[in-house]
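J.: Residue numbers for the sequence shown follow my numbering, so the first one is 877 and each next one is one higher.
Here a beta-carbon is modelled for each residue, glycine too, at the ideal position from N, C-alpha and C.
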Amino acid sequence: FARNATMSTPNATMMQDLLTLDNPVFCCYLFWATVLVVKMLLMSLLTALQRFRYKVSIRQTHKQCIIIFPNEEDLFFKNIEVQFNDPHVERVRRAHRNDMENILPYFIMALIYLCTNPNPSVACNLFRVAAVARIVHTLVYAVYPVPQPSRILAFGTMMLITFYMAAVVALRTLRFI
């Protein structure tokens, strides 16, 4: 009985309404989170594409093929070496690792931020800008490398948005500590 009484309070009902498809802010979060997940999945494919794109080069001195594969068991021929330092592949791998280090915490923080019932236009614009910033970061870092400050601006945009959301959550929940 006590649980049902708690669930009927206005705050509990409002919290249930925040994480539904009836909430346009939650739908906006889901859409842009999906865009970022697909982007991260495409980074795996881009890494593989770079491996195959730059796979064969001939050493004139040894006349030995060097193929860029991540694992020795993936090699088909015994006279082939595994190479782990191709700059094209490593650039994409670093960009992918950077995505995991930044997008995953952003997902968590954005979902927590969403639970504070933020202003819909502010929240949706934050989600949009953060996703576009990460896409731009990938483009200027891994796809078409551009000199700084382009990469740091794209990186910093999502980082600032994540910190802003954390600050909003902290300020709105500080009174409960």
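Decide if Cys904 is buried, meaning its Cβ has at least 16 other Cβ atoms within 10 Å, or exposed.
T.: Flag for Cys904 reads buried.
J.: Mind checking whether Asp975 and Arg1010 have CB atoms under 9 angstroms apart?
T.: Cβ distance < 9 angstroms, so Asp975 and Arg1010 count as in contact.
J.: Assign Thr1033 to one of three DSSP states: helix, strand, or coil.
T.: Of the three classes helix, strand and coil, the one that applies to Thr1033 here is helix, per DSSP.
J.: With a threshold of 16 other CB atoms inside 10 Å of the CB of Leu990, please say whether the residue is buried or exposed.
T.: With 16 or more Cβ atoms within 10 Å of its Cβ, Leu990 is classed as buried.
J.: Out of Gln892, Lys915, Asp898 and Asn899, state which residue places its alpha-carbon closest to the alpha-carbon of His1013.
T.: For His1013, the nearest C-alpha among the options comes from Lys915.
J.: Pull up the distance between the alpha-carbon of Tyr1040 and that of Trp908, whole angstroms please.
T.: Looking at the two C-alpha atoms, the distance is approximately 18 angstroms.
J.: Determine, using beta-carbon pairs with one atom in the region 964-979 and one in the region 993-1004, whether at least three such pairs fall under 8 angstroms.
T.: No, the region 964-979 does not touch the region 993-1004.
J.: Secondary structure at Asn899, three-state DSSP: helix, strand or coil?
T.: DSSP places Asn899 in coil when its eight states are reduced to three.
J.: Residues in the same chain with beta-carbon distance under 8 angstroms from Thr896, minus the five sequence neighbours each way, listed in chain order, please.
T.: For Thr896, where only same-chain residues beyond five positions count, the Cβ hits under 8 angstroms are Phe902.
J.: From Tyr982 to Ala1042, what does the alpha carbon distance come to, in whole angstroms?
T.: Roughly 10 angstroms between the two C-alpha positions.
J.: Let's see if you can read the secondary structure: which residues bound the alpha helix (DSSP H) around Asp962?
T.: Taken as a continuous stretch (DSSP letters only), Asp962 belongs to no alpha helix (DSSP H), as it is neither H nor E.
J.: Ordered along the chain, which non-local residues of its own chain (more than five positions away) have a Cβ less than 8 angstroms from that of Thr937?
T.: With a pLDDT of 46 at Thr937, under the threshold of 50, the modelled position of this residue cannot be trusted; read the value that follows with caution. Nothing meets the Cβ criterion.
J.: Does the Cβ of Val913 have 16 or more other Cβ atoms within 10 Å, making it buried, or fewer, making it exposed?
T.: Counting Cβ neighbours within 10 Å, Val913 comes out exposed, since fewer than 16 surround it.
J.: What does the alpha-carbon distance come out to for the pair Asp962 and Phe928?
T.: Whole-angstrom Cα-Cα distance: 12 angstroms.
J.: Within a Cβ cutoff of 8 angstroms, which residues of the same chain sit near Leu925, ignoring the five residues on either side of it in sequence?
T.: Taken in chain order, the list of residues that qualify is empty.
J.: Going by DSSP in three states, Thr992 sits in which element: helix, strand or coil?
T.: Looking at Thr992 - three-state DSSP - the assignment turns out to be coil, as it is neither helix nor strand.
J.: Would you tell me roughly how many angstroms separate the C-alpha atoms of Pro996 and Pro900, rounded to the nearest one?
T.: Each residue's alpha carbon lies about 8 angstroms from the other.
J.: Using 9 angstroms as the threshold, is the C-beta distance between His972 and Met919 below it?
T.: Their beta carbons are under 9 angstroms apart, which means His972 touches Met919 by this criterion.
J.: So, with DSSP's three-state summary, where would you put Val1044?
T.: Helix, per DSSP.
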